[in-house]
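Heads up: the sequence lines are chains A and B, in that order.
Heads up, the first sequence stops at 899 in the working numbering, and the numbers go up one at a time, no gaps.
Heads up, the second sequence stops at 899 in the working numbering, and the numbers go up one at a time, no gaps.
Ideal Cβ positions, reconstructed from N, Cα and C, are used throughout, including at glycine.
Accompanying notes for the structure given below.
Number of protein chains: 2
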Amino acid sequence: MTKVRFTITMSVDGYIAGPEQSAEDPLGKGGLALHEWVFPTRSFREMTGEDGGDTGLDDERLRAWNAGIGAHIMGRNMFGPIRGDWGDESWRGWWGDEPPYHAPVFVLTHHAREPLEMEGGTTFHFVTDGIEAALERAADAAGDKDVAIPGGASTAQQYLRAGLVDEMDLHVVPVILGGGERLFANLDGRPSGFECVELVSSPAVAHFRYVKGG
Amino acid sequence: MTKVRFTITMSVDGYIAGPEQSAEDPLGKGGLALHEWVFPTRSFREMTGEDGGDTGLDDERLRAWNAGIGAHIMGRNMFGPIRGDWGDESWRGWWGDEPPYHAPVFVLTHHAREPLEMEGGTTFHFVTDGIEAALERAADAAGDKDVAIPGGASTAQQYLRAGLVDEMDLHVVPVILGGGERLFANLDGRPSGFECVELVSSPAVAHFRYVKGG
Numbered sequence: 686m687t688k689v690r691f692t693i694t695m696s697v698d699g700y701i702a703g704p705e706q707s708a709e710d711p712l713g714k715g716g717l718a719l720h721e722w723v724f725p726t727r728s729f730r731e732m733t734g735e736d737g738g739d740t741g742l743d744d745e746r747l748r749a750w751n752a753g754i755g756a757h758i759m760g761r762n763m764f765g766p767i768r769g770d771w772g773d774e775s776w777r778g779w780w781g782d783e784p785p786y787h788a789p790v791f792v793l794t795h796h797a798r799e800p801l802e803m804e805g806g807t808t809f810h811f812v813t814d815g816i817e818a819a820l821e822r823a824a825d826a827a828g829d830k831d832v833a834i835p836g837g838a839s840t841a842q843q844y845l846r847a848g849l850v851d852e853m854d855l856h857v858v859p860v861i862l863g864g865g866e867r868l869f870a871n872l873d874g875r876p877s878g879f880e881c882v883e884l885v886s887s888p889a890v891a892h893f894r895y896v897k898g899g
Numbered sequence: 686m687t688k689v690r691f692t693i694t695m696s697v698d699g700y701i702a703g704p705e706q707s708a709e710d711p712l713g714k715g716g717l718a719l720h721e722w723v724f725p726t727r728s729f730r731e732m733t734g735e736d737g738g739d740t741g742l743d744d745e746r747l748r749a750w751n752a753g754i755g756a757h758i759m760g761r762n763m764f765g766p767i768r769g770d771w772g773d774e775s776w777r778g779w780w781g782d783e784p785p786y787h788a789p790v791f792v793l794t795h796h797a798r799e800p801l802e803m804e805g806g807t808t809f810h811f812v813t814d815g816i817e818a819a820l821e822r823a824a825d826a827a828g829d830k831d832v833a834i835p836g837g838a839s840t841a842q843q844y845l846r847a848g849l850v851d852e853m854d855l856h857v858v859p860v861i862l863g864g865g866e867r868l869f870a871n872l873d874g875r876p877s878g879f880e881c882v883e884l885v886s887s888p889a890v891a892h893f894r895y896v897k898g899g
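See the structure below:
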């Protein structure tokens with residue numbers, strides 16, 4: 686049975702992107718610092734075609750996570766800075782020719798667009814009929830594996846509010862951003878039923894793992 | 686040189702007390718769960734006059750913290766549920782005859798009241814002339830030791846905004862409260878200059894330790 690899983694990095698003050706996001710600063714001011722724990726890991730370097738990298742707890746967590754994911758769903762703002770119509774469709778994501786997903790990615794949008802096949806197994810599909818339709822298509826594409834929701838905040842909150850999230854991996858980093866996009870906001874109360882089944886940390890990040898209670 | 690130090694427990698979604706605080710529910714709905722990591726430790730049991738308890742990381746952190754503190758500053762709402770005038774002064778805090786502070790505690794209030802001496806070395810002093818005056822008196826009382834600010838949120842934020850905090854121990858627990866008092870809010874931007882010098886965790890809590898950069 687395909688599960689829906691978050692893996693989201695959050696600053697200790699609760700933000701998953703910094704303030705003033707823009708085309709030049711897609712993660713907002715200071716937001717890149719959220720992900721500094723990822724860059725040195727061997728599994729991230731493999732995903733981006735580089736050698737070397739650190740092993741250890743953070744690498745293990747990232748590797749185990751990636752191995753189980755067969756498709757992704759993301760918000761349109763996570764795919765790019767363009768609002769409204771897609772225009773000349775020259776925007777192909779933030780990640781260059783070979784995005785680090787290596788799997789189908791379903792982008793939530795109000796504006797239709799043909800699928801966009803990138804190198805390395807990532808194809809962006811643009812879904813205009815809502816979060817449940819996106820999940821259905823992503824679950825089909827994932828097969829035996831799970832569906833990941835990497836963000837952004839609004840997309841994560843929509844799936845949480847709808848009760849469609851089965852597992853959450855929250856990676857809390859010591860960064861204090863002071864502003865930006867909060868993960869835990871606009872939720873009409875507490876996301877209910879999640880049980881923390883693991884808490885471990887490296888000097889760079891604390892990994893909180895939650896599953897929906899049975 | 687006396688330093689000002691936070692030790693504050695926060696839910697992973699950013700709250701240091703739950704919603705709907707009241708005389709019956711001083712930590713708000715679900716708020717007591719924030720402190721569950723503390724209760725089983727040997728050092729907490731010692732503070733409350735009980736034997737036994739767990740040793741290990743959480744106990745060590747709490748013990749090291751307590752050893753260095755010579756005085757506390759807290760907000761009036763942390764001292765009690767009474768608003769406005771103190772009335773018959775029968776309210777003596779939430780903690781019974783022997784509060785777990787064992788040191789002078791300076792309570793920020795707009796309403797004067799005589800000092801209140803409790804058992805075990807805790808005396809509550811009521812300070813009506815602001816956070817800087819309270820800090821001056823607490824620093825005098827602390828001698829060679831440091832001044833702690835246990836909360837609540839508004840008091841913590843006032844000292845952060847004024848740039849008067851030297852060190853922060855944030856204890857982040859896996860609890861998701863969904864509402865309540867946020868620590869990182871009303872701060873007019875990022876509390877600046879803090880560097881995370883340690884991140885360690887037990888299965889119950891991740892301890893983030895910050896010091897003000899030199």
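Asked	Found
Any C-beta of chain A under 8 Å from that of B/A891	yes
A/D805 - DSSP class collapsed to helix/strand/coil	Position check: residue 805 of chain A holds Gly in this sequence, whereas Asp was assumed. Helix at A/G805.
Under 8 Å between C-beta atoms of A/A788 and A/T807	yes
Validate contact between the region 858-869 of chain A and the region 708-720 of chain A using beta carbons, cut 8 Å, 3 pairs	yes
Which listed residue (B/G772, B/D770, B/G765 and B/P888) has its alpha carbon closest to that of B/G781	B/G765
C-alpha gap between B/S839 and B/G760, whole angstroms	7 Å
For A/A841 and A/F907, believed in contact at Cβ under 8 Å, the rounded distance	Given that chain A is displayed from residue 686 to residue 899, the structure contains no residue 907 of chain A and the question cannot be resolved.
Minimum Cβ-Cβ distance from A/I834 to chain B less than 8 Å	no
Cβ-based neighbour list, B/E705, same chain, cut-off 6 Å, excluding 5 preceding and 5 following	G713 and K714
Which residues DSSP lists as bridging A/V792, in chain order	A/M759 and A/F811
Short Cβ contact (8 Å threshold) for A/V812 with A/V792	yes
Contacting residues, own chain, Cβ-Cβ under 7 Å from B/A826 (five flanking each side not counted)	G755, A756 and P789
Residues of the region 850-871 of chain A with Cβ closer than 7 Å to any Cβ of chain B, in chain order	L855, V857, P859, I861, L862, G863, G864 and F869
Any C-beta of chain A under 8 Å from that of B/S839	no
Bridge partners - B/T692, DSSP secondary structure assignment	B/D854
B/V723 vs B/D851 beta-carbon contact at 8 Å	no
Nearest to A/K830 (by Cα), restricted to the options A/E721, A/G741, A/W750 and A/W771	A/W750
Reference B/E735, options B/T694, B/L801, B/G769 and B/T726, closest by Cα	B/T726
Under 8 Å by beta carbon: chain A residues contacting B/L884	P859, S886, S887, P888, A889, V890 and A891
Same chain, Cβ closer than 6 Å to B/A823, five either side skipped, listed in chain order	A756, I758, F791 and V832
4 or more residues per run - each alpha helix (DSSP H) lying fully within the region 723-787 of chain A	727-732, 742-752 and 761-764
Nonlocal neighbours in the same chain, by C-beta distance under 6 Å from A/A892, ignoring five residues either side	The amino acid occupying residue 892 of chain A in the given sequence is His; Ala does not appear at that position. Excluding sequence neighbours, A/H892 sits near R746, H856 and V885.
Backbone CA spacing between A/H881 and B/D770 [nearest angstrom]	Looking at the sequence provided, one finds Cys at residue 881 of chain A rather than His. Straight-line Cα distance between these residues: approximately 43 Å.
Nearest neighbour of A/G703, chosen from A/I693, A/A870, A/P888 and A/G716 [CA to CA]	A/G716
8 Å Cβ cutoff, B/R875 in contact with chain A	yes
Same chain only: Cβ atoms within 7 Å of A/F869, ignoring 5 sequence neighbours per side	G699
Neighbour flag for A/G699 against chain B, beta carbons, 8 Å	yes
First through last residue of the alpha helix (DSSP H) which encompasses A/I861	From DSSP, A/I861 is part of no alpha helix (DSSP H); its letter is neither H nor E.
Option in B/D773, B/S887 and B/G874 with minimal Cα separation from B/D744	B/S887
B/M686 classed as buried or exposed, judged by whether at least 16 other C-beta atoms fall within 10 angstroms	exposed
Same chain, Cβ closer than 7 Å to B/T733, five either side skipped, listed in chain order	P785
Pair within 8 Å by beta-carbon distance, A/D814 and A/R846	no
Buried versus exposed call for A/D773 [16 or more other C-beta atoms within 10 Å across all chains shown]	exposed
Straight-line Cα distance separating B/H720 from B/D752	Here residue 752 of chain B is Ala; the residue named in the question, Asp, does not match the sequence. Each residue's Cα considered, the two are about 19 Å apart.
Partner residues on chain B for A/F879, Cβ-Cβ distance less than 7 Å	I861
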